[in-house]
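Chains as they are written, first to last, in this note's numbering: chain A, 282 to 504; chain B, 282 to 504; chain C, 282 to 504; chain D, 282 to 504. Below you'll find the structure, written out as structure tokens, and then a few comments.
There are 4 protein chains.
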Amino acid sequence: MTSLAEDPHLDPDEAARQARGRMRSAQILGAAARLMERTGSQAMSMQALAEEAGVSVGLIYRYFGGKDDLLFAVIVDVLDSFATRVPEAVAAAKPDPVEQLAAAFRAYCEVINDKRHAAVLTYRESKSLSDEHRRRTKELEVSTSDPLRQLLRQGIDGGLLLDVDVDLVAYNLLLVAHGWALKHWYFEHTHGFEDYVGKQTALALGGIVAPRYRRRYAHLLAL
Amino acid sequence: MTSLAEDPHLDPDEAARQARGRMRSAQILGAAARLMERTGSQAMSMQALAEEAGVSVGLIYRYFGGKDDLLFAVIVDVLDSFATRVPEAVAAAKPDPVEQLAAAFRAYCEVINDKRHAAVLTYRESKSLSDEHRRRTKELEVSTSDPLRQLLRQGIDGGLLLDVDVDLVAYNLLLVAHGWALKHWYFEHTHGFEDYVGKQTALALGGIVAPRYRRRYAHLLAL
Amino acid sequence: MTSLAEDPHLDPDEAARQARGRMRSAQILGAAARLMERTGSQAMSMQALAEEAGVSVGLIYRYFGGKDDLLFAVIVDVLDSFATRVPEAVAAAKPDPVEQLAAAFRAYCEVINDKRHAAVLTYRESKSLSDEHRRRTKELEVSTSDPLRQLLRQGIDGGLLLDVDVDLVAYNLLLVAHGWALKHWYFEHTHGFEDYVGKQTALALGGIVAPRYRRRYAHLLAL
Amino acid sequence: MTSLAEDPHLDPDEAARQARGRMRSAQILGAAARLMERTGSQAMSMQALAEEAGVSVGLIYRYFGGKDDLLFAVIVDVLDSFATRVPEAVAAAKPDPVEQLAAAFRAYCEVINDKRHAAVLTYRESKSLSDEHRRRTKELEVSTSDPLRQLLRQGIDGGLLLDVDVDLVAYNLLLVAHGWALKHWYFEHTHGFEDYVGKQTALALGGIVAPRYRRRYAHLLAL
DNA sequence: TATGAATGAGCCTTCATTCAT
DNA sequence: AATGAATGAAGGCTCATTCAT
């Protein structure tokens, strides 16, 4: 009921309980993402989810407020992954805006590939969210795309990129990254994931890298 | 549902009846698209649809087989518009693959703008379709994107465009066209429709027009 | 549940345990009465009761057989108070049937005032009891009202009271005593408890005291 | 949907529909009162009600907003009967406050006897009502008891009755009237309805009729 | 053609009860 | 003695679909 800030020195029982709780959450969340992707969030019945997750119906309600919160939690889980892994990828890339942009885009795609089931929900199920949840989702989406916008801005300011509409290009990159999940069933047979990311990177950068720097980024622009 | 080519020799009563029938269909279809866009197809109740359309529940079942058929009909209605208006736009454009490509893309965007409510359903509600309907929807989508692929192929063969992956670029163009409907609530405040189409055309072509022809298409590439 | 007369020779540990047990019982029983009065016994969830009582759900089941037994225990607790305190009040009053009747009535009212939460349950929740529990409740209610009937009979036999229907008058007195709990929210602002008891005593006796003895009981009959 | 004030000249179809609607309402309301009395309103399941009423579950929701509204409707139905039949009885009685008081009390008892199932609900189920419904119920109860208070006031002003607490006596009369429903299972074997009403009238009036007028109302005061 | 009353299967959610710790 | 995670049956309610008028 009352839970102090998680203290690692808490008694072991409490720690074990929390660990089991997190496991349960993940177990249910994963099952929910799978089912929602398969049939849509509205068509997913809680009984079906219980079966897929291997728990009882009642237990789902101990961990999540209800169907709405569950959808929200699945979406937040993806957006959180973006918030974690994209900055990591940027930090690991060469200290160059364009290289970092490519790395960020790849990171978006990788998260989407990892959480393919959940990623499409952002696009498909936003109407099923409550007003409050929709608002918070939009906030997260915006802040999630911030790295892209910052790098684009840096590239433009440094003369590496043409003076494009930053918001629009960032939106396109996200759209294309989600495109892998949306038509995954189609592309995984014709293109592999690496192929998809490489070609999309080349297409996207091809339209915005300043001509004089095209040679420098030839490894990214090669079709 | 199945309507053979109308017989011009039908008696006048029959003609009037068919006209009223088509009007009823459109009336219901429009209301359905609006409601589905507002809340998702699953959340739309047939009783709510009846009210929105200004008819009784029973009547909907006289014109459409059921809820599934209704969703399918709404989607087919959009895809039909593509099939009609894109070729028209191509025929009306200058006889140049790149010009025609731009015209086709604009036509896609215009249809999506006109039927914004219904357009998003293609992305959002495909999982709600029956297997048979989903199969036919995919078929239509593929044939719908044929003009793009043909024009890209022509442009590449004529040396006007770089040797890009035709399927991928066509997919991107459709993705971006639908992007207008998906984030319409966001862009309509920052970019107008014309702005959106112009900039997206420039971005897309900027990445694929062969360098030596960039000047010829400067009016399309201007950011 | 079943508690034999405690053995005074029990070891001290056992005694302490029993004491804690009784405290727990009272703690849970009080919380149950409060919650039941607030929302009805059916609407009271065992988890809510656990929270209100400050114990775990499991513990409730160690002390009470289940929800049904709990309701029964709450009701029995009130009826037990009647069985204890009414005879005490009668014994403490002057040795006169009418004085004792007034004292008994006052005692009923006092118990009801003390256990207002639980008292209404007798009226409101009898339908929620199992057949067996309902039977035993009725038995207790009847024996609970015995003092009233006996005193009325004595008064009539001694010529102090008119020859009224003993059962009916006893029933009325109980009804009016419970009336304090039923409309407590209303009367506590217009009449105080003392006012209520005094006036009701006067009204009830006013209708049944033999005319020739009205002066003797003027202190009870004054409106 | 839009229903003008009921016009007797409305087309016959509409009239027939309204008639059937009222029949359905009564059919469901009666079944609800029976079941609620038998097991309590909370324990009554909507499926059980549907079966008892001989309709489908869904239909209940066409006529009543839900379980809450149903309970409220049942209670209002009783209170409405009071509002109708008590004034009628007063008007039909001799033009004398005490005679009219007795007639009013009898009318209360008769309504309660007729709608025994529903009458107890006022006492038992008030906690199951929503705040708004409880407020409106209380309003109705107060106005329902107005005739009693008025007649008592008249009797006192005319010197026919002792100067008793009007609110309290009115409350007692209602309590005793409901007492017939509350312990009906007990009294119907020992007293008949007529016996109950007669004796209660005598008891109640016996305590409040001014001594000098006791002979005039001997027919009401005879035990 | 058109209506809308009626149906009932199925869904989300709650909660009494159990049991491993 | 005490906890609370876990279960699953049951209930309120919705809504796609039918059919008499």
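Note that CB positions come from ideal geometry on N, CA and C, so glycine has one too. All of these numbers come straight from a predicted model, not from anything done at the bench.
First and last residue of the alpha helix (DSSP H) that includes residue i?
i                      : result
residue 376 of chain C : Element bounds for residue 376 of chain C: n/a, residue is neither H nor E.
residue 327 of chain D : 327-334
residue 503 of chain C : No alpha helix (DSSP H) holds residue 503 of chain C; DSSP gives it neither H nor E.
residue 460 of chain B : 447-463
residue 339 of chain A : 338-344
Give me the residue from the options with the minimum Cα distance to residue i.
i                      : options                       : result
residue 298 of chain B : B/337, B/344, B/325 and B/327 : B/344
residue 307 of chain B : B/494, B/364 and B/336        : B/336
residue 439 of chain C : C/332, C/300, C/349 and C/376 : C/376
residue 443 of chain C : D/301, D/411, D/415 and D/480 : D/480
residue 309 of chain D : D/363, D/352 and D/393        : D/352
residue 455 of chain D : D/302, D/369 and D/430        : D/430
residue 436 of chain A : A/397, A/414, A/486 and A/403 : A/486
residue 457 of chain C : C/434, C/470, C/484 and C/471 : C/484
residue 449 of chain B : A/396, A/401, A/379 and A/476 : A/476
residue 503 of chain C : D/489, D/500 and D/316        : D/489
residue 497 of chain B : B/398, B/401 and B/441        : B/441
residue 424 of chain D : D/412, D/329, D/319 and D/365 : D/365
residue 393 of chain B : B/379, B/326, B/478 and B/312 : B/478
residue 323 of chain A : A/432, A/386, A/409 and A/381 : A/409
residue 369 of chain D : D/356, D/384 and D/313        : D/384
residue 363 of chain C : C/482, C/391, C/334 and C/468 : C/391
residue 482 of chain A : A/465, A/461, A/471 and A/467 : A/461
residue 348 of chain D : D/469, D/446 and D/314        : D/314
residue 388 of chain A : A/398, A/401, A/374 and A/399 : A/374
residue 354 of chain D : D/312, D/367 and D/472        : D/312
residue 321 of chain D : C/420, C/499 and C/411        : C/411
Quick check on DSSP: helix, strand or coil for residue i?
i                      : result
residue 360 of chain B : helix
residue 367 of chain A : helix
residue 490 of chain C : strand
residue 442 of chain A : strand
residue 435 of chain B : helix
residue 409 of chain D : helix
residue 470 of chain D : helix
residue 477 of chain C : helix
residue 322 of chain A : coil
residue 497 of chain D : coil
residue 347 of chain C : coil
residue 309 of chain D : helix
residue 424 of chain D : helix
residue 419 of chain D : helix
residue 314 of chain B : helix
residue 286 of chain A : Here the model assigns residue 286 of chain A a pLDDT of 45, short of 50, so the residue's position is not dependable and the matter cannot be decided.
For the ligand GDP, is there a heavy atom less than 7 angstroms away from the beta-carbon of residue i?
i                      : result
residue 363 of chain B : Annotation note on the ligand GDP: not contained in the displayed structure, which lists no ligands.
Return the residues of the region 304-331 of chain D that lie within a Cβ-Cβ distance of less than 7 angstroms from chain C, sorted by chain order.
-> Within the region 304-331 of chain D, the qualifying residues are 320, 321, 323 and 324.
Positions along the region 397-421 of chain A whose CB lies within less than 7 angstroms of some CB in chain B | Identification of residues in the region 397-421 of chain A having a C-beta nearer than 7 angstroms to some C-beta of chain B yields 404, 405, 408 and 409, given in sequence order.
Interface positions of the region 437-464 of chain C facing chain D (Cβ-Cβ less than 8 angstroms), listed along the chain = Those residues of the region 437-464 of chain C that come within reach of chain D (Cβ to Cβ, closer than 8 angstroms) are 443, 444, 445, 446, 448, 449, 450, 452, 453, 456, 457, 460, 463 and 464.
Residues from the region 461-494 of chain A in contact with chain B, defined by Cβ distance under 9 angstroms | Along the region 461-494 of chain A, going in chain order, the ones with a CB nearer than 9 angstroms to a CB of chain B are 463, 464, 467, 468, 471, 472, 476, 477, 480, 481, 483, 484, 485, 486, 487, 488, 489 and 492.
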